[in-house]
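A.B. asks: Starting off with a structure, shown below.
Residue numbers (this note's numbering), protein chains in the order written: chain A, 741 to 894; chain B, 741 to 894.
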């Protein structure tokens, strides 16, 4: 029972931080998905720098970044995209309505990202040439989903 | 080369969403860690509801939530906590300065969370009694870190 109360308090305290900021019912969902995408961008930035020769290839760093990308991909689902949290209906949202009208395809895009991220884990841990070669499929999975389901920024 | 440019554009576009909101240099890091914690709270909420009998035990849902918790735990590192992004120095930050002055212990707390999350994956996939029993260690790892390193909300 003690642990139940503790968990409930933890969940409430984390959620209320975002909620207090504004009365947008989707503020938490939008911050959640932005946080996940920012984590992915951080890790993509690390392996991208190695691929471009701006940073030396470091197997441990590359493998960890690739593992992080796969971990974040693995949690993506409709949970981060509650109906109604689309562009212009929710603050800071760039999610296009097609996410919900073409939900099956959206979930296929998420599955494709998971496949690409799994392959990239092997590539990133091999050497810099494999890492470079592996980034195409990974970047392709990112942009396939963004192109169909993310409002371009102005 | 094409994929390099694509990755660079993706990284820039994701990051700029948060950055455009305010000129806080830690806005991205804070949104990143809040997003990760919100994801963890969402999954803890699902298994917590099952543990409290507010939702029926569903093995697939519980296993997925536990896998998500482990995935999020696995990406935690100092990457989400750049020096300077502490409470009152960065907007919306609840991170206490002890994170950086006692960094070794902070990283031990993250490792402890990963251990607890791994154990919880087995428990959550077993049955509701194992799930309930397993929440203590998981909640304990959450609060040990929050107690030492997170500013309580007013």
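Note that CB positions come from ideal geometry on N, CA and C, so glycine has one too.
Computed from a predicted model, the values in this text were never measured in an experiment.
(1) Going by CA-CA distance only, name the one from B:768, B:869, B:801 and B:747 that's closest to residue 821 of chain B.
(2) Skipping 5 residues on each side, what residues in its chain have a beta carbon closer than 7 Å to that of residue 795 of chain B?
(3) Determine the contact status of residue 792 of chain B and residue 752 of chain A, defining contact as a CB-CB distance below 9 Å.
(4) Reducing DSSP to helix, strand and coil, say where residue 830 of chain B ends up.
(5) Of all the options B:889, B:819 and B:797, which has the alpha carbon lying nearest to the alpha carbon of residue 835 of chain B?
(6) Compute the Euclidean distance between the alpha carbons of residue 798 of chain B and residue 787 of chain B, then round it to the nearest angstrom.
(7) Specify the secondary structure class of residue 788 of chain B as computed by DSSP and reduced to three states.
(8) To be precise: take each residue of the segment 776 to 806 of chain A, compare its Cβ to all Cβ atoms of chain B, and keep it if any distance is under 7 Å. Which residues remain?
(9) Could you check how far apart the C-beta atoms of residue 863 of chain A and residue 873 of chain A are, in whole angstroms? I think they sit under 8 Å.
(10) Just checking my contact of residue 811 of chain A with residue 857 of chain B at CB under 8 Å: how many whole Å lie between their CB atoms?
(11) Under 9 Å Cβ-Cβ, which residues of chain B neighbour residue 814 of chain A?
(12) Classify residue 771 of chain B: buried if its beta carbon has 16 or more other beta carbons within 10 angstroms, exposed otherwise.
(13) May I ask you to report which of helix, strand or coil DSSP gives residue 877 of chain A?
(14) Report the residues of the segment 815 to 843 of chain B with a CB closer than 9 Å to any CB of chain A, ordered along the chain.
(15) Identify the contact partners of residue 747 of chain A in chain B, using a Cβ-Cβ distance below 7 Å as the criterion.
C.D. replies: Quick answer:
(1) For residue 821 of chain B, the closest alpha carbon among the candidates B:768, B:869, B:801 and B:747 is that of B:768.
(2) Within the same chain, residue 795 of chain B has close Cβ partners 789.
(3) Contact annotation: residue 792 of chain B and residue 752 of chain A have beta-carbon atoms that are not nearer than 9 Å.
(4) Three-state result, residue 830 of chain B: strand.
(5) The option with the nearest alpha carbon to residue 835 of chain B is B:889.
(6) Cα to Cα, residue 798 of chain B sits roughly 9 Å from residue 787 of chain B.
(7) Residue 788 of chain B falls in the helix class under three-state DSSP.
(8) Cβ contacts with chain B come from 776, 777, 778, 779, 781, 782, 784, 785, 788, 791 and 792.
(9) At roughly 7 Å, the Cβ-Cβ gap stays under 8 Å, so residue 863 of chain A and residue 873 of chain A are in contact.
(10) Between residue 811 of chain A and residue 857 of chain B a beta carbon distance of about 11 Å is seen, past the 8 Å cut, so the two are scored as non-contacting.
(11) Result: 807, 808 and 811.
(12) The residue in question, residue 771 of chain B, is buried, as its Cβ has 16 or more Cβ neighbours within 10 Å.
(13) In the structure shown, residue 877 of chain A sits in a helix (DSSP, three-state: H, G or I).
(14) Answer set for the segment 815 to 843 of chain B: 815, 817, 819, 820, 832 and 834.
(15) Close to residue 747 of chain A, with beta-carbon spacing below 7 Å, are these residues of chain B in chain order: 784, 788, 875 and 879.
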